[in-house]
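Participant:
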Amino acid sequence: MDGIGKLAKLFKERENKPYLGPQIGKVIRSFPNIRIRLGNKIILEKEHLIISQQLMKKQGTFNLSANKELKNVGKITLETLDTISGETQTLNYEIVDLEIDKIEETNIEIVYGLEMDDEVILIPTTNQQKYYVIDKVVRP
C-alpha cells in the first residue's frame, strides 16, 4: 500500500461513528400511513418503524355505571378497538368510594394514539434501517 492509501485508511478509521442512541422524531402524518421526521432530512415511513403497542391508534367506549342503592359502588368498562389490527379488547374495573347521585350510566367515546406533531423517542437498529418508536415525548 502506498503512502496515500495508508493516509486515506487512517482518515477512514478516524471518522465519527454514527450515533445509535435514543433520538427525537416528530410525527408528520398519523395512522394508518404514519410518517416520522428525524432531523431535517430523514423521513421514516411505516415500513421503517417498529411501534410500541401503547402508541397504536385506538378508539373505544368508556362506560361508567353506578348502583344507586349501594351508593359508593360502581363499574367502569373500557372497550377499545385497535384501528390497525381490528382487534377489540374489553377491560372491567370495579369502583369503590364513588360519589354519584343522579347518573346511573353514561358512555364517553375516546380516541388515543400518535397524532400529527407529537414528538416520539426513537431508537435505531444497528444498521439504521428500522427504528423502534418507544413512547411520546413529554416536555415539563
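The sequence shown maps to residues 140 to 279 in this note's numbering. The beta carbon of each residue, even a glycine, is placed where N, CA and C say it ideally should be. Bear in mind that the values here come from a model prediction, so they are computed numbers and not experimental data.
Once you ignore the five residues that flank residue 263 on each side, which residues in its own chain have a CB closer than 6 Å to its CB?
Facilitator: Correct list, in chain order: 159 and 270.
Participant: What are the boundary residues of the alpha helix (DSSP H) that includes residue 153?
Facilitator: Element bounds for residue 153: 142-153.
Participant: Using the three-state DSSP reduction, which class does residue 156 fall into: helix, strand or coil?
Facilitator: In this structure, residue 156 counts as coil in the three-state DSSP scheme.
Participant: Measuring CB to CB, does residue 258 end up less than 7 Å from residue 163?
Facilitator: Yes, they are a contact pair.
Participant: Can you give the Cα-Cα distance for residue 185 and residue 153, rounded to whole angstroms?
Facilitator: Roughly 34 Å between the two C-alpha positions.
Participant: Buried or exposed: which applies to residue 137, given that a residue is buried once 16 or more other Cβ atoms fall within 10 Å of its Cβ?
Facilitator: Nothing about residue 137 can be reported from this structure: the residues present for the chain run from 140 to 279 only.
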